[in-house]
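*Asks:* Per full-length UniProt numbering, the sequence shown runs over residues 1 to 104.
We treat Cβ as the ideally placed atom computed from N, Cα and C, and that holds for glycine.
All figures in this text were calculated on a predicted structure; none of them were measured in a lab.
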Amino acid sequence: MSSVSLQEGADIDLQQKLADLYKSSPALGRYFSEAKIYPSRNASNVVNYQLRFVLPEDQREELRNFTLSNEMVQSVFRQFLYDQDQDSASTYIIPVSLIMSSRH
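#1: Any idea what DSSP makes of PHE32, helix, strand or coil?
#2: For TYR22, is the classification buried or exposed, using 16 other Cβ atoms within 10 angstroms of its Cβ as the cut-off for buried?
#3: Return helix, strand or coil for residue 105, following the three-state DSSP convention.
#4: For a quick check, are the C-beta atoms of SER76 and LEU28 less than 8 Å apart?
#5: For VAL46, which of helix, strand or coil comes out of DSSP?
#6: Please state whether DSSP places GLN16 in a helix, a strand or coil.
#7: Below 8 Å CB to CB, which residues in the same chain sit around LEU68 once its five sequence neighbours on both sides are set aside?
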């Protein structure tokens with residue numbers, strides 16, 4: 001489960017953006033399965049989401065420790081956030097606001 005702080009009033013399809021981002025990643029795309037958004041219970045600027053990756057059984061440990069490490073998965077998202085255009089984006093996500101944790 002992870003959290004991203006969003007500017008107030010943001011109403012984008014973050015789930016689709018996350019799916020598109022990870023599907024198109026050269027390093028992670030072949031393992032990406034789905035992105036899921038969990039609605040906030042209040043008018044918070046925090047969005048909880050879950051990313052799911054499917055790993056081949058015979059390479060699971062190696063992939064989990066290197067290719068699909070927290071650092072790699074977070075770096076892909078953070079780079080996307082740094083590349084966004086602050087002026088033309090309907091919602092701007094502050095890159096340093098990204099908090100990510102993993103569940104196996």
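*Replies:* Per the coordinate set shown:
#1: Three-state DSSP puts PHE32 in a strand.
#2: buried
#3: Past the edges of the chain, shown from 1 to 104, lies residue 105, and the structure says nothing about it.
#4: The sequence shown places Val at residue 76, rather than the Ser named in the question. Cβ distance < 8 Å, so VAL76 and LEU28 count as in contact.
#5: When DSSP states are grouped into helix, strand and coil, VAL46 belongs to the strand group.
#6: helix
#7: LEU28, TYR31, PHE53, LEU55.
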